[in-house]
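Trainee: Shown below is the structure under consideration.
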Amino acid sequence: MLQTGLHSWLRRVSPEGIPQLLRPVVDEVAGLTEERDALKNDIESLCLSSGSRPAAAQQHPSHLVL
Numbered sequence: 298m299l300q301t302g303l304h305s306w307l308r309r310v311s312p313e314g315i316p317q318l319l320r321p322v323v324d325e326v327a328g329l330t331e332e333r334d335a336l337k338n339d340i341e342s343l344c345l346s347s348g349s350r351p352a353a354a355q356q357h358p359s360h361l362v363l
């Protein structure tokens, strides 16, 4: 039902209007990505200053998993 309604609504929106409709979503995702990266950097800095490694890095040495 939701999919049908969304599809019907999207058919009424002009292709030129779609980027404007999606801009708030893109901005929100970009903001969340920036927050995630900042938190990751804070965690890494704290771990480096304390001489320990994050638990995720100990389990997966190739990358930090948050």
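So for the sequence shown, the working numbering puts the first residue at 298; every next one is plus one.
Glycine included, every Cβ here is placed at the ideal spot set by N, Cα and C.
1) Compute the Euclidean distance between the alpha carbons of residue 334 and residue 302, then round it to the nearest angstrom.
2) Hey, how far is the Cα of residue 304 from the Cα of residue 340?
3) In three-state DSSP terms, what is residue 321?
4) Measuring CB to CB, does residue 401 end up less than 8 Å from residue 310?
Mentor: Concretely, from the data shown:
1) The residue you call residue 334 lines up with position 37 of the sequence shown. The residue you call residue 302 lines up with position 5 of the sequence shown. So the alpha carbons of these two residues sit roughly 36 Å apart.
2) For the purposes of this step, residue 304 is identified with residue 7 of the sequence shown, where counting begins at 1. For the purposes of this step, residue 340 is identified with residue 43 of the sequence shown, where counting begins at 1. Distance between the alpha carbons of residue 304 and residue 340 is about 42 Å.
3) Locating residue 321 in the sequence shown gives position 24, counting from the first residue. Reduced to three states, the DSSP call for residue 321 is helix.
4) Nothing in the structure corresponds to residue 401, since the chain is present only between 298 and 363.
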